[in-house]
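Colleague: So the sequence lines, in the order shown, correspond to chains A and B.
Take -8 as the starting number for the first sequence in the numbering used here and just add one per residue.
Take 10 as the starting number for the second sequence in the numbering used here and just add one per residue.
For glycine and all other residues, C-beta sits at the position ideal for the given N, C-alpha and C.
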Amino acid sequence: MAGLKENLLELIRRTSAEMPDDVHRVLTESLQAEEKRTTAEFALKTIHANIEIAARKSQPICQDTGSILFYVHVPVGGDQLVFEEAAREAVAEATKKGFLRQNSVDSLTGKNSGTNLGPGTPTFHFTQTRGATAVDVRLILKGGGCENVGAQYSLPDSRLGADRDLKGCRRVILDAVLQAQGKGCGPGVLGVCIGGDRATSYAFSKEQFLRPLDDRNPNPELDALEQEIVATSNQLGIGPMGFGGKTTLLGCKICAVNRLPASYFVSISYMCWAFRRRGVVLSADGGTIEKWLY
Amino acid sequence: MELKTPISEDVIRSLHVGDLVEITGVVHTGRDAVHKFLHDGGSLPVDMRGGVLYHCGPVMVKEDGQWVCKAAGPTTSTREEPYQAGVIQKLGLRAVIGKGGMGDKTLAGCKEFGCVYLHAVGGAAQVLAECIKKVRGVCMLEEFGSPEAVWELEVEKFPCVVTMDSHGGSLHKDVFASSKEKLAKLL
Ligand code: SF4
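1. Which residues in chain B have a C-beta closer than 7 Å to the C-beta of residue 232 of chain A? List them in chain order.
2. Which bits of chain B does residue 88 of chain A rub up against, with CB to CB less than 9 Å?
3. Kindly examine the ligand SF4 and report whether one of its heavy atoms sits closer than 6 Å to the Cβ of residue 55 of chain A.
4. Less than 6 Å separating the Cβ of residue 65 of chain B from some heavy atom of the ligand SF4?
5. CB-CB under 8 Å to residue 301 of chain A, same chain, minus the five flanking residues each way: which ones, in chain order?
6. Compare the Cα-Cα distances from residue 183 of chain A to each of A:174, A:172, A:173 and A:165 and report the closest residue.
7. What residues in its chain sit with their C-beta under 8 Å from that of residue 219 of chain A, if we drop five residues either side in the sequence?
8. How far does the alpha helix (DSSP H) with residue 285 of chain A in it reach, from first residue to last?
9. Which residues in the same chain have their Cβ closer than 6 Å to the Cβ of residue 105 of chain B, if we skip the five residues on either side of it in sequence?
10. Run down chain A in chain order and give the residues with a C-beta less than 9 Å from the C-beta of residue 54 of chain B.
11. Which residues of the region 188 to 207 of chain A have a Cβ closer than 9 Å to any Cβ of chain B? Give them in chain order.
12. On the DSSP letters alone, give me the boundaries of the alpha helix (DSSP H) that residue 193 of chain A sits inside.
13. First and last residue of the beta strand (DSSP E) that includes residue 157 of chain B?
14. Alpha carbon to alpha carbon, how far is residue 25 of chain A from residue 230 of chain A? Give it in angstroms, no decimals.
15. So what does DSSP say about residue 106 of chain B, is it helix, strand or coil?
16. In chain order, what residues of the region 161 to 195 of chain B put their CB closer than 9 Å to some CB of chain A?
17. Any C-beta of chain A within less than 7 Å: which residues of the region 68 to 89 of chain B qualify?
18. Quick check on residue 75 of chain B: buried or exposed, where buried means 16 or more other Cβ atoms within 10 Å of its Cβ?
19. Just verifying my parser: in three-state terms, what is the DSSP assignment at residue 12 of chain B?
20. How should residue 57 of chain A be labelled, buried or exposed, when 16 other C-beta atoms within 10 angstroms of its C-beta is the threshold for buried?
21. Report yes if the C-beta distance between residue 94 of chain A and residue 136 of chain B is below 7 Å; otherwise report no.
22. Are the region 199 to 213 of chain A and the region 165 to 175 of chain A touching, with three or more C-beta to C-beta distances below 8 Å?
23. Check this for me: beta carbons of residue 64 of chain A and residue 120 of chain A, under 7 Å apart or not?
24. For residue 199 of chain A, tell me which candidate among A:188, A:180 and A:187 has the shortest Cα-Cα distance.
25. Any idea which residues DSSP pairs residue 69 of chain B with across the strands?
26. Taking the alpha helix (DSSP H) that residue 21 of chain A belongs to, which residues open and close that run?
27. Within 10 angstroms of its Cβ, does residue 197 of chain A collect 16 or more other Cβ (buried), or is it exposed?
28. Alpha carbon to alpha carbon, how far is residue 270 of chain A from residue 241 of chain A? Give it in angstroms, no decimals.
29. Between the beta-carbon of residue 185 of chain A and the beta-carbon of residue -2 of chain A, is there less than 7 Å?
30. From A:82, A:11, A:3 and A:159, pick the residue whose C-alpha is nearest to that of residue 297 of chain A; which is it?
31. In whole angstroms, what separates the C-alpha of residue 105 of chain A from that of residue 84 of chain A?
32. Here's a check: name, in chain order, each residue in its chain whose Cβ is nearer than 7 Å to the Cβ of residue 154 of chain B, leaving out the five neighbours to either side.
33. Identify the contact partners of residue 41 of chain A in chain B, using a Cβ-Cβ distance below 8 Å as the criterion.
34. Return no unless some Cβ of chain B is closer than 7 Å to the Cβ of residue 61 of chain A.
35. Is there a Cβ from chain C that is less than 7 Å from the Cβ of residue 109 of chain B?
36. Please determine if the region 256 to 263 of chain A and the region 47 to 59 of chain B are in contact, where contact requires at least 3 C-beta pairs separated by less than 8 Å.
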């Protein structure tokens, strides 16, 4: 238990201060692609410098350390409550140490809990894996600015001319990119879910952020749509921070789940450039680190 | 181009959308609470004439009796849209720093009173904190709490882009219009 808490604390520190390699790589490619001596290049250079300083000083990449989302695969029989307790302690300690900002506010009174603990924070998503002997923990910190520009569309959408097909999905996803510009600290990454109900659709869209940026969708139609959305978005001239430029999106990840015959939701979560996502594989009791992910 | 505070109206009028600037001198932070407070008739015990207001809720810690800034990225500016033009006039501001841009009322205020909106790089909390050389003072700390207080910061080469100028130009409007047009062709 003590070992588990320490390991989770280190996971939080790394997630807050160190950019995952896959995202860093795409940001570096974007910087090389931008025209020199433009405001777009300035924004990306500043972002790079920021990533470097945060890692060196072990301080948050962005001061908004966001919503704390744990995704955990446990072996069958693994005690989820013990995990939750240890994770809560680790979150409170990480807040005290400044790896996390005090970010949990009572919606009725406006009072900040000061520890990041409270009803609904942090959130846990558990999955049991048969035959597994280790615990796989992934953590996403998602900032408020980018969360605010997420969008959910109900198709058909006559205003956008979007029908219940992949072409319609493409239209609403690109509309979300257009509307998000200048807000949410682009260049960003989209997580998209087609289908589900209003709640599950958004939940699945966020899970797409667990995929490495350079992976490919096993479904050829969705894979083509992912590539196309990134290519088209990067032709719109929105650019980093909405300053204009070539880099509007760093990636787009799409999943599809079943829906009711009456519903057709497309849910889009937007992740800012400060894409904080890390993972760790722990021994079944959580006490030993087997390997770091991402 | 380097902007030294206090900034003259002539200098501000010479700036245009897309210019890169670096601020050296004094900057005051102010966000939701202080805008509402000033709008409701409140006044501050500091003179900001010719100065710069930064939409920022910094992370401050006291080390050996001195305030030190640990992170200082911009916050979203649109929340201050109802108040900003009035605050620019009341305080005699020459520049407002934030992120995400602001609307028509502020744009008109910039034109009338000789002010610009400067966009800092959102999320770049560490780079921007390094430009802050000294925390000179604070007011409204008791009343508003640390993130909402008015911090007086000494900055050196604090980098921003002019995205709204004093001639009615707005990069946000331009990019939105052109990207919308491009998207219509690609749909
Ligand atoms: S949107 Fe992301 S980068 Fe921007 S302030 Fe929020 S967390 Fe930071």
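Modeller: On the basis of the data shown:
1. Those are 128, 130 and 131, listed as they occur along chain B.
2. Ordered by position in chain B, no residue passes the 9 Å Cβ test against residue 88 of chain A, which lies about 12 Å from the chain.
3. yes
4. Every heavy atom of the ligand SF4 is 6 Å or more from the Cβ of residue 65 of chain B, so no.
5. Here chain A comprises residues numbered -8 to 285, so residue 301 of chain A is not present and cannot be evaluated.
6. Per the Cα distances, A:165.
7. 161
8. It is not in any alpha helix (DSSP H) - residue 285 of chain A carries neither H nor E in the DSSP assignment.
9. 62 and 126
10. In chain order: nothing, as chain A lies at least about 26 Å away.
11. The residues in question: there are none.
12. 189 to 198
13. Here residue 157 of chain B belongs to no beta strand (DSSP E), and DSSP marks it neither H nor E.
14. Each residue's CA atom was taken as its position, placing residue 230 of chain A and residue 25 of chain A some 9 Å apart.
15. strand
16. Look at the region 161 to 195 of chain B: the residues with a C-beta under 9 Å from a C-beta of chain A are 168, 170, 172, 180, 181, 183, 184, 185, 187, 188, 189, 191, 192 and 195.
17. 68, 79, 80, 82 and 85
18. exposed
19. strand
20. buried
21. no
22. no
23. A contact, by the Cβ cut-off of 7 Å.
24. A:180
25. B:78
26. 12 to 24
27. By the Cβ-count criterion, residue 197 of chain A is buried, with 16 or more other Cβ atoms from all chains shown falling within 10 Å of its own Cβ.
28. Between the C-alpha atoms of residue 241 of chain A and residue 270 of chain A there is a straight-line separation of about 21 Å.
29. no
30. For residue 297 of chain A there is no data in the structure shown, the boundaries of chain A being -8 and 285.
31. Rounded to the nearest angstrom, the two C-alpha atoms are 11 Å apart.
32. So no residue of the chain qualifies.
33. 130, 132, 133, 134, 135 and 136
34. Residue 61 of chain A has a beta carbon lying at 7 Å or more from every beta carbon in chain B.
35. Within the model displayed, chain C is absent; protein chains A and B are what it includes.
36. no
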